[in-house]
Amino acid sequence: MRHTRSSKVLATFVLMLVMTGLVVHGQSTTCTVTFFSSLIQLIPCRPAVVPFSPIPPSEACCTALRTLGQSCLCVLVNGPPISGVDRNLAIQLPEKCNANFEPCSIMK
Numbered sequence: 003m004r005h006t007r008s009s010k011v012l013a014t015f016v017l018m019l020v021m022t023g024l025v026v027h028g029q030s031t032t033c034t035v036t037f038f039s040s041l042i043q044l045i046p047c048r049p050a051v052v053p054f055s056p057i058p059p060s061e062a063c064c065t066a067l068r069t070l071g072q073s074c075l076c077v078l079v080n081g082p083p084i085s086g087v088d089r090n091l092a093i094q095l096p097e098k099c100n101a102n103f104e105p106c107s108i109m110k
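Structure, rendered in structure tokens:
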């Protein structure tokens with residue numbers, strides 16, 4: 003039962019992301035994957051970035067973050083709002099994962 007609920011939540015999350023208008027904004031170093039692909043790669047980070055989450059990023063999240071890179075994280079942070087994701091927690095992922103990333107400049 004729990005697996006089914008998790009699958010439904012993930013499917014809803016992905017559907018909401020698709021509907022947000024997948025637009026990629028530039029950053030100093032260009033991200034070579036789409037906004038949507040970046041999101042999919044960072045699904046292991048979801049528990050660590052939901053609003054008010056006390057959960058630290060998992061090793062799978064940190065590995066995905068390092069693989070994705072700073073420029074793509076910044077594209078996500080500066081892209082359209084992502085339902086159920088706290089941007090401030092997302093910005094903290096590199097520090098929490100000990101990734102040597104430059105801070106993302108927030109575009110408003």
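The working numbering applies: residue 3 is where the sequence shown begins, and numbers increase by one. C-beta atoms are modelled at their ideal positions from N, C-alpha and C, and glycine is treated no differently.
- Within the same chain, and ignoring the five residues on either side of I42 in sequence, no residue has its Cβ closer than 7 angstroms to its Cβ.
- Under the DSSP assignment, C76 falls in the alpha helix (DSSP H) whose first and last residues are Q72 to N80.
- Relative to the Cα of T69, the nearest Cα in the group P46, D88 and A50 belongs to P46.
- By the C-beta density criterion, V51 is buried, having at least 16 other C-beta atoms within 10 angstroms.
- Relative to Q94, the option among T34, S107 and P82 whose CA is nearest is S107.
- In the structure shown, I45 falls within a helical segment according to DSSP collapsed to helix, strand and coil.
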